[in-house]
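Heads up: the sequence shown runs through residues 5 to 133, numbered per the numbering used here. Okay, structure first, notes after.
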Amino acid sequence: MRQSDPCPACADDGRGGTFDLTCPDCLAEWAALSPAPRYAFRWYGGGSYGHAPATEVEPAQSLREVRETVARRFHGCDSYRPAVDENSGAWIYRAGDLESLASYLKSGDTYPDFVTEFGPRGGVRVTPA
Ligand SMILES: [Zn+2]
Numbered sequence: 005m006r007q008s009d010p011c012p013a014c015a016d017d018g019r020g021g022t023f024d025l026t027c028p029d030c031l032a033e034w035a036a037l038s039p040a041p042r043y044a045f046r047w048y049g050g051g052s053y054g055h056a057p058a059t060e061v062e063p064a065q066s067l068r069e070v071r072e073t074v075a076r077r078f079h080g081c082d083s084y085r086p087a088v089d090e091n092s093g094a095w096i097y098r099a100g101d102l103e104s105l106a107s108y109l110k111s112g113d114t115y116p117d118f119v120t121e122f123g124p125r126g127g128v129r130v131t132p133a
């Protein structure tokens, strides 16, 4: 069931599994994910992703999954996100309570719980922020 004016995450499947936490349709889809995602992450840096709203996030079950996703995109194996470079990565949030996460992100204070960083040899590590 889509709104007549869908949010960008709903409207464009090419964004590859993003959810906007201010969109009721996205929240309903997120709630239907099983098992429930433990983390939500969003991109920072890297040419093409600067314009996504702060509330647009992707789900993950584990920090390892986020790390693998970042590595895959960095190595160019994700056609949805071709412009991931050393300056991009993921800001990761615990996703237990989506409503508080949504209002936190909406407030403009988007300091994450964890960030990904590239190591000297191109590996990806997750560090507490
Ligand atoms: Zn949506």
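Backbone N, C-alpha and C define an ideal beta-carbon position, used for all residues, glycine too. Quantities reported herein were computed from a predicted structural model and do not represent experimental measurements.
Counting only heavy atoms of ligand 1, the residues whose C-beta sits closer than 7 Å to one of them are, along the chain, 10, 11, 13, 14, 23, 24, 27, 29 and 30. If you compare the alpha carbons of 82, 118 and 34 with that of residue 68, the shortest gap goes to 118. For residue 114, there is no enclosing beta strand (DSSP E), since its DSSP letter is neither H nor E. For the stretch 33-74, the continuous beta strand (DSSP E) assignments of 3+ residues that do not extend past its boundaries occur at 43-48 and 60-64, in sequence order.
With contacts defined as CB atoms closer than 7 Å, residue 22 and residue 13 qualify as a contacting pair.
The three-state reading of DSSP puts residue 13 in helix, counting H, G and I together. Looking at 116, 35, 9 and 15, the one whose alpha-carbon comes closest to that of residue 102 is 35. For residue 130, the uninterrupted beta strand (DSSP E) run begins and ends at 128-132, by DSSP. Bounds of the beta strand (DSSP E) holding residue 94 are 93-98.
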